[in-house]
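Only one structure is covered here, and it is reproduced in the block below.
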Amino acid sequence: MPDRSAVSEDVAGPTAADAEIADAASAGDGHPPTSGRRRADRRILRRALVAAVLLAAVLAASYFVPLPSISSVRDWGADLGPAFVWLFFLAYAVVTIAPIPRSTFTVMSGIFFGPLVGFAGAMIASSVAAVAAFVLVRRVGRDRVQPYLKAPVVRAVEYRLERRGWLAVGSLRFIAACPFSVANYCSALSSVRLVPYAIASILGMAPGTAAVVMLGDSLTGDTHPLQLAVTGGLFAIGIAGLVLDSRLPVSSSNATSAAT
Numbered sequence: 001m002p003d004r005s006a007v008s009e010d011v012a013g014p015t016a017a018d019a020e021i022a023d024a025a026s027a028g029d030g031h032p033p034t035s036g037r038r039r040a041d042r043r044i045l046r047r048a049l050v051a052a053v054l055l056a057a058v059l060a061a062s063y064f065v066p067l068p069s070i071s072s073v074r075d076w077g078a079d080l081g082p083a084f085v086w087l088f089f090l091a092y093a094v095v096t097i098a099p100i101p102r103s104t105f106t107v108m109s110g111i112f113f114g115p116l117v118g119f120a121g122a123m124i125a126s127s128v129a130a131v132a133a134f135v136l137v138r139r140v141g142r143d144r145v146q147p148y149l150k151a152p153v154v155r156a157v158e159y160r161l162e163r164r165g166w167l168a169v170g171s172l173r174f175i176a177a178c179p180f181s182v183a184n185y186c187s188a189l190s191s192v193r194l195v196p197y198a199i200a201s202i203l204g205m206a207p208g209t210a211a212v213v214m215l216g217d218s219l220t221g222d223t224h225p226l227q228l229a230v231t232g233g234l235f236a237i238g239i240a241g242l243v244l245d246s247r248l249p250v251s252s253s254n255a256t257s258a259a260t
């Protein structure tokens, strides 16, 4: 006589074990587990939204609260002369090759040098750091870089790079959805070529870098409301690009066309 509990389990439908088997099967096909990928995408979106809210709060505070101390920091930087500009952006380019956040340097670019020089210098330094990290990681290989690639977001980044190639590089650069160094290292370990990587990085970094530089400039207290609106608009572009990228289907055909 058949076991009624076994029959009831069959009728009840898929179990948690079935879901794990399905995830394992999808991973074996070269796809990360569906549930894990969705969790990673949601985590990226949450972090981006939290960052946007915090930055909006800082922008509002910089407009309504006087900040003479930060204004004096700009005066101090100007007193150091032109050599300080070169030394600052040289340090920016060299230090951010390592797994060190570049956001501090980008904000300080706006504080010290204003929106124009700050943006130009930050873009040049970020581009040099991104290309240098890419070349270095390609030379040393995965084994030397693996200790720095343990964050949960890394697998989602690698998956998008595998399926979209340099197109994923541009979308990752729109906003700080993942650390700057992680995007550099994962791109170097993918099949993306150097020139498309560099172009996609520059185009993708531009809106977010401009927004953060103008944020730094606004902290000096001399901020026009139009500048605040432009900064908010640039952050909105970055978030919109991130949301669009998370919604678009990722297929192997996209990876083939993007890598060539």
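Mapping the sequence shown onto the UniProt record's numbering, position 208 (from 1) lands on 208, and the numbers just tick up by one. From the three backbone atoms N, C-alpha and C, an ideal C-beta is built for every residue, glycine too. Please read all numbers here as calculations on a predicted model, not as lab measurements.
Please classify F174 as buried or exposed, where buried requires at least 16 neighbouring CB atoms within 10 angstroms.
Taking the sequence shown and counting its residues from 1, one reaches residue 174 at position 174. Buried, since its Cβ has 16 or more Cβ neighbours within 10 Å.
Does the Cβ-Cβ distance between G121 and D217 come in under 8 Å?
Locating residue 121 in the sequence shown gives position 121, where the first residue counts as 1. Locating residue 217 in the sequence shown gives position 217, where the first residue counts as 1. Contact: no.
Are the CB atoms of A210 and F119 within a distance shorter than 8 Å?
Your numbering for residue 119 matches position 119 in the sequence shown. Your numbering for residue 210 matches position 210 in the sequence shown. Going by C-beta atoms, F119 is nearer than 8 Å to A210.
Just to confirm my understanding: we take G170, look at its own chain, exclude 5 residues before and 5 after, and list those with CB closer than 7 Å. What are they?
For the purposes of this step, residue 170 is identified with residue 170 of the sequence shown, where counting begins at 1. Answer for G170: A200, L203 and G204, listed in chain order.
So, with DSSP's three-state summary, where would you put L55?
The residue given as residue 55 occupies position 55 in the sequence shown. Helix.
According to DSSP, simplified to helix, strand and coil, what is V192?
Taking the sequence shown and counting its residues from 1, one reaches residue 192 at position 192. Residue state, collapsed to three classes: coil.
Provide the residue span of the alpha helix (DSSP H) that contains T220, from first to last.
Position 220 of the sequence shown holds residue 220. Unbroken run through T220: none, as it is neither H nor E.
Starting from the C-beta of S181, find all residues in its chain whose C-beta is less than 6 Å away, skip the five residues before and the five after it, and write them out in chain order.
Position 181 of the sequence shown holds residue 181. Taken in chain order, the residues that qualify are P99.
In angstroms, rounded to a whole number, what distance separates the CA positions of A132 and I97?
The residue given as residue 132 occupies position 132 in the sequence shown. The residue given as residue 97 occupies position 97 in the sequence shown. For A132 and I97, the distance between alpha carbons rounds to 7 Å.
Would you mind working out which of L116, R138, V128 and L194 sits nearest R102, comparing C-alpha positions?
The count along the sequence shown starts at 1 and reaches residue 102 at position 102. Checked all of L116, R138, V128 and L194; the closest Cα to R102 is V128.
Is it right to say S109 is buried, meaning 16 or more other beta carbons lie within 10 angstroms of its own, or is it exposed?
Numbered from its first residue, the sequence shown carries residue 109 at position 109. Buried: at least 16 other Cβ atoms inside 10 Å.
So, helix, strand or coil for L167, using DSSP?
The residue given as residue 167 occupies position 167 in the sequence shown. Correct three-state label for L167: helix.
If we call anything under 8 Å between Cβ atoms a contact, is V107 one with V212?
For this step, residue 107 is matched to residue 107 along the sequence shown. For this step, residue 212 is matched to residue 212 along the sequence shown. Closer than 8 Å, so yes.
Suppose contacts are defined by Cβ-Cβ distances below 8 Å. Is F134 in contact with G77 by that definition?
The residue given as residue 134 occupies position 134 in the sequence shown. The residue given as residue 77 occupies position 77 in the sequence shown. No, the Cβ-Cβ distance between F134 and G77 is not below 8 Å.
What do you get for L233, buried or exposed, if any count of 16 or more other CB atoms within 10 angstroms of its CB means buried?
Mapped onto the sequence shown, residue 233 falls at position 233. The question names Leu, yet the displayed sequence has Gly at residue 233. Result: exposed.
For L116, report the span of its alpha helix (DSSP H) as first-last.
On the sequence shown, position 116 is the one that residue 116 refers to. That run of the alpha helix (DSSP H) goes S103 to V140.
Would L215 and L49 qualify as a contact pair, given that the criterion is a beta-carbon distance under 8 Å?
Here residue 215 refers to the residue found at position 215 when the sequence shown is read from its first residue. Here residue 49 refers to the residue found at position 49 when the sequence shown is read from its first residue. In this structure, L49 does not lie closer than 8 Å to L215 by Cβ.
Pull up the CB-CB distance for A125 and A93, whole angstroms please, since I reckon it's below 8 Å.
Residue numbering aside, residue 125 sits at position 125 when the sequence shown is read from its first letter. Residue numbering aside, residue 93 sits at position 93 when the sequence shown is read from its first letter. That pair is a contact at about 4 Å.
In whole angstroms, give me the CA-to-CA distance for V140 and V195.
For the purposes of this step, residue 140 is identified with residue 140 of the sequence shown, where counting begins at 1. For the purposes of this step, residue 195 is identified with residue 195 of the sequence shown, where counting begins at 1. Those two C-alpha atoms are separated by around 19 Å.
CA-CA distance, C178 and S187?
Within the sequence shown, the letter at position 178 stands for residue 178. Within the sequence shown, the letter at position 187 stands for residue 187. Each residue's alpha carbon lies about 12 Å from the other.
Alpha helix (DSSP H) containing P82: first to last residue?
Stepping through the sequence shown from its first residue, residue 82 is reached at position 82. P82 to V95 is the span of the alpha helix (DSSP H), which, as asked, contains P82.
Do you know offhand how far T260's Cα is from A51's?
As a first step, residue 260 is located in the sequence shown; it is residue number 260 there, counting from the start. As a first step, residue 51 is located in the sequence shown; it is residue number 51 there, counting from the start. Because T260 carries a pLDDT of 43, less than 50, the predicted location of this residue cannot be relied on, and the following value inherits that uncertainty. If I take the Cα positions, the gap works out to 34 Å.
Cβ atoms of A183 and L167: under 8 Å apart, would you say?
Counting from one through the sequence shown, the residue named residue 167 turns up at place 167. Counting from one through the sequence shown, the residue named residue 183 turns up at place 183. No, these two residues do not count as a Cβ contact at 8 Å.
Can you say whether L116 is buried or exposed, counting buried as having 16 or more other CB atoms within 10 angstroms of its CB?
Residue 116 sits at position 116 when you count from the first residue of the sequence shown. Exposed: under 16 other Cβ atoms inside 10 Å.
What whole-angstrom Cβ distance do Y185 and V137 have, given they're in contact under 8 Å?
Start at 1 with the first residue of the sequence shown, and residue 185 comes out as number 185. Start at 1 with the first residue of the sequence shown, and residue 137 comes out as number 137. That pair is a contact at about 5 Å.
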